[in-house]
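Numbering of the sequence shown is given in our numbering, commencing with residue 2 and proceeding in unit increments.
The block underneath contains the structure these notes are about, expressed in structure tokens.
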Amino acid sequence: MNARILFRLSGAAAIAGGLLRVASAVPLYLDATGQEWLWTLVDMLLTLGLIGIYLARAGKLGFLGLAGFALAMASLSFIGGPDADVFGFSTYEQGAAALAISLVGLSIAWVRAGERPLAPPLCWFGAVIAAGG
Numbered sequence: 002m003n004a005r006i007l008f009r010l011s012g013a014a015a016i017a018g019g020l021l022r023v024a025s026a027v028p029l030y031l032d033a034t035g036q037e038w039l040w041t042l043v044d045m046l047l048t049l050g051l052i053g054i055y056l057a058r059a060g061k062l063g064f065l066g067l068a069g070f071a072l073a074m075a076s077l078s079f080i081g082g083p084d085a086d087v088f089g090f091s092t093y094e095q096g097a098a099a100l101a102i103s104l105v106g107l108s109i110a111w112v113r114a115g116e117r118p119l120a121p122p123l124c125w126f127g128a129v130i131a132a133g134g
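Here is the structure:
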């Protein structure tokens, strides 16, 4: 499989993960196990999508892009991990906040580098604003 196909699959994973994340915000009448599987799928798709999104632009995004990507990957692991508060705080809540911050950093690097399309960083900014960040 060549890089072009992998980047396209990564983009499809990012879009599917984002759409499923939006869909998970509305009542879907899933049992607890079904809801957990949906969130697991969302986290996996977003992780795979983010890897491709970053790697396609890594040479242009600089240190801020790398830092945003690395923090986003770590944040997704906190969000997708167990719900137990083993560190004395909610790993989901802190992971979500760190993910928002990291995507703002990645967005700034993206816009500063003149990368296209502009929809992903604008959506990431919009998500932070909508969440009250």
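No residue lacks a Cβ here, since even glycine has one placed at the ideal position from N, Cα and C.
| query | result |
| --- | --- |
| Is the beta carbon of A110 sitting closer than 7 Å to the one on L77? | no |
| Quick one: what does DSSP say M2 is sitting in, helix, strand or coil? | coil |
| Would you mind working out which of A57, F88, Q95 sits nearest E116, comparing C-alpha positions? | A57 |
| Might you give, ordered along the chain, the residues of its own chain that have their beta carbon closer than 7 Å to the beta carbon of D44, omitting 5 neighbours on each side? | L77, I80, G81 |
| When burial is assigned at 16 or more other CB atoms within 10 Å of the CB, is P118 buried or exposed? | exposed |
| Which residues in the same chain have their Cβ closer than 8 Å to the Cβ of R51, if we skip the five residues on either side of it in sequence? | In the sequence on display, residue 51 carries Leu and not Arg. So the qualifying residues of the chain are A15, F70, A73, M74, L77. |
| Using three-state DSSP, classify E37 as helix, strand or coil. | helix |
| Go through its chain and collect everything with a Cβ distance to G18's Cβ below 7 Å, but skip five positions before and after it. | V43, L46, L47, G50 |
| Report the option in G133, L67, T41, Y93 whose CA atom is closest to the CA atom of L21. | T41 |
| When the Cα atoms are used, what is the spatial distance from I6 to G53? | 11 Å |
| Give me the Cα-Cα distance between A1 and N3, rounded to the nearest whole angstrom. | Residue 1 cannot be examined here, being either before or after the span of the chain that is shown, 2 to 134. |
| By Cβ distance, which residues of its chain are closer than 8 Å to V112, with the 5 residues on each side in sequence left out? | L119, P122 |
| Tell me whether P28 sits in a helix, a strand or coil according to DSSP, three-state version. | coil |
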